[in-house]
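Heads up: the sequence shown is residues 251 to 336, going by this note's numbering. Ideal Cβ placement from N, Cα and C applies to all residues, glycine included. I have placed the structure first, in the form of structure tokens, so that the comments after it can refer back to it.
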Amino acid sequence: MTRGFQTQLRFLPVPHTDFIFSAFSEEHGFVGVVVALGLYFLLLMQIVHNAQTAPDRAGMYICMGVGAVLLFHLLVNVGMVVAGYP
């Protein structure tokens, strides 16, 4: 159950799918956001480490591709809800 004003007063169109980062950050605050982004960072660093230790080029390309897609989605979704109005 969410307790935030943005999600309860319907300011966010679809808080459980498109705006999950803003709903999460409203519920957990700055510390929760730093922890979540830190966990994403650790996951991405593990993927890069796996790419560096892959036994062949195909494994390296697969790891880097998965990491690039994850990073792209993270940047787009977080950037969409963090961006201010011009």
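With DSSP as the reference, label Phe-322 as helix, strand or coil. helix
In this structure, how does DSSP classify Ala-308 when only helix, strand and coil are distinguished? helix
For Met-310, collect the residues of the same chain with a Cβ closer than 7 Å to its Cβ; drop the 5 residues on either side in sequence, then sort them by chain order. Ala-301, Ala-304
So the candidates are Leu-324, Gly-329, Val-316; which of them puts its Cα closest to the Cα of Leu-289? Leu-324
Taking only the alpha-carbon atoms, compute the straight-line gap between Val-283 and Glu-276 and give it to the nearest angstrom. 9 Å
Would you kindly check if the distance between the Cβ of Phe-269 and the Cβ of Val-332 is under 8 Å? no
Val-328 versus Phe-271 - alpha carbon distance: 7 Å
Alpha carbons only, please: which of Val-285, Leu-292, Val-281, Ile-297 is nearest the one belonging to Ile-312? Ile-297
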